[in-house]
Amino acid sequence: MSAHAATLERPEERRVPADAPGPAPVRIVVGYGFWIFLLSDFIMFSALFATYAVLHEQTAGGPSGHDLFELRHVGIETLSLLFSSYTCGLAMLAVERRRLPAFYVCAGLTFVLGATFLGLELSEFAGLIARGAGPSRSAFLSAFFSLVGLHGAHVTVGLLWLTFMVAQTAYRGPRDFVRRRLLCFSLFWHALDIIWVALLSLVYLMGAR
Amino acid sequence: MPGDAEGDPAGSLALYTTGLVFALLLTAASFLVSQTHLLWTPGVPAGLAVLAIAQMGVHLVFFLHISTDADNTNNVIALAFGILIVTLVVSGTFWIMAHLNSNMVPATAVMEMSR
Numbered sequence: 221m222s223a224h225a226a227t228l229e230r231p232e233e234r235r236v237p238a239d240a241p242g243p244a245p246v247r248i249v250v251g252y253g254f255w256i257f258l259l260s261d262f263i264m265f266s267a268l269f270a271t272y273a274v275l276h277e278q279t280a281g282g283p284s285g286h287d288l289f290e291l292r293h294v295g296i297e298t299l300s301l302l303f304s305s306y307t308c309g310l311a312m313l314a315v316e317r318r319r320l321p322a323f324y325v326c327a328g329l330t331f332v333l334g335a336t337f338l339g340l341e342l343s344e345f346a347g348l349i350a351r352g353a354g355p356s357r358s359a360f361l362s363a364f365f366s367l368v369g370l371h372g373a374h375v376t377v378g379l380l381w382l383t384f385m386v387a388q389t390a391y392r393g394p395r396d397f398v399r400r401r402l403l404c405f406s407l408f409w410h411a412l413d414i415i416w417v418a419l420l421s422l423v424y425l426m427g428a429r
Numbered sequence: 666m667p668g669d670a671e672g673d674p675a676g677s678l679a680l681y682t683t684g685l686v687f688a689l690l691l692t693a694a695s696f697l698v699s700q701t702h703l704l705w706t707p708g709v710p711a712g713l714a715v716l717a718i719a720q721m722g723v724h725l726v727f728f729l730h731i732s733t734d735a736d737n738t739n740n741v742i743a744l745a746f747g748i749l750i751v752t753l754v755v756s757g758t759f760w761i762m763a764h765l766n767s768n769m770v771p772a773t774a775v776m777e778m779s780r
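The listed protein sequences derive, respectively, from chains A and B. To get this note's numbering, take the position in the first sequence, counting from 1, and add 220. To get this note's numbering, take the position in the second sequence, counting from 1, and add 665.
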C-alpha cells in the first residue's frame, strides 16, 4: 500500500482531480495540519510582539535597545538563520530525490548554522545579564527576553528535532512517513526564520536607531 | 506548500536560490534603511515594516511554497485566517493598553486616595 501510495502522491499521477471530493494525498493533508499548528505558533508570538511593542519604552531608568543592541552581532545571527533555512530546503530536495549523501551534508549544514545562531544569541543574553540588563531590570527587558528567548527556545527544539530526524532517516531510510516528518520539520524551520525577520526588523533595527 | 511534491528538480533548486537572493537583498535593505540616512527619518519605521512584510512574503512563497494552485487553497485560507487573528491580537492590544494608560489615575491623586 505505501509503495503504491508513494506514486499517487505526485499531483499529476492522481486519478482524482484536486477539486473532487475525497481525501487528498496524505502528504498534503499532513502539510496542511502542520501549517495550522505553525499559524497557532505565529499567533502566540504575535501576543509577545504586542507585549513588547507596548512595553519597549518602559526602561525603568535602565538601558534601552539603543544602548544594548549590537547590529554586527545581529547581522551574523540573521545570515546564519537565513542560510540554514536555505540548506534545509536543499536537504528536502535531496531527500525527495533519494540522494542521501547530499541530504546528510545539507542537514548537517542546517544544524551547524542553526547552532551558530543559537550560540550567538546565548552569548548575547549572557552579556546582557552580566551588564545588569537581565530580564528583571525593566519591563522593556522582560518583554525582550521573553520574546527573543521564546524564539531561541523554538530554535533549540528545532535543532533537537533535526538531530532526531537525521538519525531516523539513517535508521529507517527515506520512506514516505520519514519524508513527511522531514517536511514538517522544514516547515517549522522556515517558519522560525519568518519570525526572526519580524524580530530583526521590529526589535533590533527599530530599537537600535 | 505544505505537502506538494517538489516538482521539477531544477525548478525547485532555482526557487530556493531565488528566495535566498531576494531575502538577502531585503535584509541588506533593512539594515541600510535603519542605519543610514537613505530614507527620510520619520519614514524609517514604515520602511522597516514594509521590508519585513516583503521578506516574510518571500519566505512564504519561495521556502514554504504557498501558492494559488488547487492543492494549496486550504493553506492560503488558513494563512488569511492566521493574519486576521494576529491583526486582532496586535491592534487590540494597542487599543486596550492605550485606553488603560489614559485612564490611569495620576500618582499624586492615588496617594491622596489612600490617606
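Beta carbons: idealized from backbone N, C-alpha and C, even for Gly.
Open item on the list: Can you tell me whether Thr733 (chain B) is helix, strand or coil according to DSSP?
Closed with: Start at 1 with the first residue of the second sequence, and residue 733 (chain B) comes out as number 68. Looking at Thr733 (chain B) - three-state DSSP - the assignment turns out to be coil, as it is neither helix nor strand.
Task: Interface partners of Val754 (chain B) on chain A, CB under 7 Å - done: On the second sequence, position 89 is the one that residue 754 (chain B) refers to. For Val754 (chain B), the neighbours in chain A by C-beta distance under 7 Å run, in chain order, Ile263, Ser266, Ala267 and Ala270.
Open item on the list: Can you check whether the C-beta of Val726 (chain B) is within less than 8 Å of a C-beta belonging to chain A?
Closed with: Here residue 726 (chain B) is taken as the residue at index 61 of the second sequence, counted from 1. Chain A, which has no Cβ nearer than 8 Å to the Cβ of Val726 (chain B), makes this no.
Open item on the list: Closest to Leu178 (chain A) by C-alpha separation, out of A:Gln388, A:Leu420 and A:Cys308, would be which residue?
Closed with: With chain A covering 221 to 429 only, the question about residue 178 (chain A) has no answer from this structure.
TODO: Look at the Cβ atom of Leu713 (chain B), then the Cβ atom of Ser356 (chain A), and state whether they are nearer than 8 Å.
DONE: Within the second sequence, residue 713 (chain B) is the residue found at index 48, counting from 1. Within the first sequence, residue 356 (chain A) is the residue found at index 136, counting from 1. No, the pair does not count as a contact, with Cβ atoms beyond the cut-off.
Task: For Arg400 (chain A), three-class secondary structure by DSSP - done: Your numbering for residue 400 (chain A) matches position 180 in the first sequence. Of the three classes helix, strand and coil, the one that applies to Arg400 (chain A) here is helix, per DSSP.
Open item on the list: Among the candidates B:Leu680, B:Ala717 and B:Ser677, whose CA atom is the shortest distance from the CA of Ile414 (chain A)?
Closed with: Locating residue 414 (chain A) in the first sequence gives position 194, counting from the first residue. The shortest C-alpha separation from Ile414 (chain A) is found at B:Ala717.
Task: 8 Å Cβ cutoff, Ala688 (chain B) in contact with chain C - done: Note that chain C does not occur in the displayed structure, where the protein chains are A and B.
Task: Assigned exposure category for Ile248 (chain A) - 16 Cβ within 10 Å defines buried - done: For the purposes of this step, residue 248 (chain A) is identified with residue 28 of the first sequence, where counting begins at 1. Ile248 (chain A) is buried by the Cβ-count criterion.
TODO: Please name the residue in A:Pro243, A:Gly339 and A:Phe262 whose C-alpha comes closest to that of Ala411 (chain A).
DONE: Start at 1 with the first residue of the first sequence, and residue 411 (chain A) comes out as number 191. Looking at the Cα atoms, A:Phe262 is the closest of the given residues.
Open item on the list: Within a Cβ cutoff of 7 Å, which residues of the same chain sit near Ala428 (chain A), ignoring the five residues on either side of it in sequence?
Closed with: The residue you call residue 428 (chain A) lines up with position 208 of the first sequence. If we look at Ala428 (chain A) and ignore the five residues flanking it on each side, its Cβ neighbours are Gly285, His286, Phe289 and Leu291.
Open item on the list: Going by DSSP in three states, Gln388 (chain A) sits in which element: helix, strand or coil?
Closed with: Mapped onto the first sequence, residue 388 (chain A) falls at position 168. DSSP places Gln388 (chain A) within a helical segment (H, G or I) once states are collapsed to three.
Open item on the list: Can you tell me whether Ala428 (chain A) is helix, strand or coil according to DSSP?
Closed with: Your numbering for residue 428 (chain A) matches position 208 in the first sequence. In this structure, Ala428 (chain A) counts as coil in the three-state DSSP scheme.
Open item on the list: Any beta carbon of chain A sitting closer than 8 Å to that of Met776 (chain B)?
Closed with: Translated into the one-based positions of the second sequence, residue 776 (chain B) becomes position 111. False, the Cβ-Cβ gap to chain A never drops below 8 Å.
Open item on the list: At 4 residues or longer, what runs of the alpha helix (DSSP H) sit wholly inside the region 714-779 of chain B?
Closed with: If only uninterrupted alpha helix (DSSP H) runs of at least 4 residues are considered, those enclosed by the region 714-779 of chain B are 738-768 and 772-778.
- [ ] Tell me, please, whether the CB atom of Met762 (chain B) is closer than 8 Å to any CB atom in chain A?
- [x] Reading the second sequence from its first residue, position 97 is the one you call residue 762 (chain B). Yes, Met762 (chain B) lies at the interface with chain A (some Cβ there is under 8 Å from its Cβ).
Open item on the list: For a test of the three-state rule: what should DSSP assign to Gly708 (chain B), helix, strand or coil?
Closed with: Residue mapping note: residue 708 (chain B) aligns to position 43 of the second sequence, counting from 1. Assignment of Gly708 (chain B) by DSSP, reduced to helix, strand and coil, places it in the helix class.
- [ ] Would you please verify whether the beta carbon of Met721 (chain B) is less than 8 Å from any beta carbon of chain A?
- [x] Numbered from its first residue, the second sequence carries residue 721 (chain B) at position 56. Taking Cβ atoms only, chain A reaches closer than 8 Å to Met721 (chain B), which makes this a yes.
- [ ] Round the Cβ separation of Leu382 (chain A) and Phe405 (chain A) to the nearest angstrom and send it over; I've been treating them as touching at under 8 Å.
- [x] The residue you call residue 382 (chain A) lines up with position 162 of the first sequence. The residue you call residue 405 (chain A) lines up with position 185 of the first sequence. Indeed, because the Cβ distance is near 6 Å, the residues count as touching under 8 Å.
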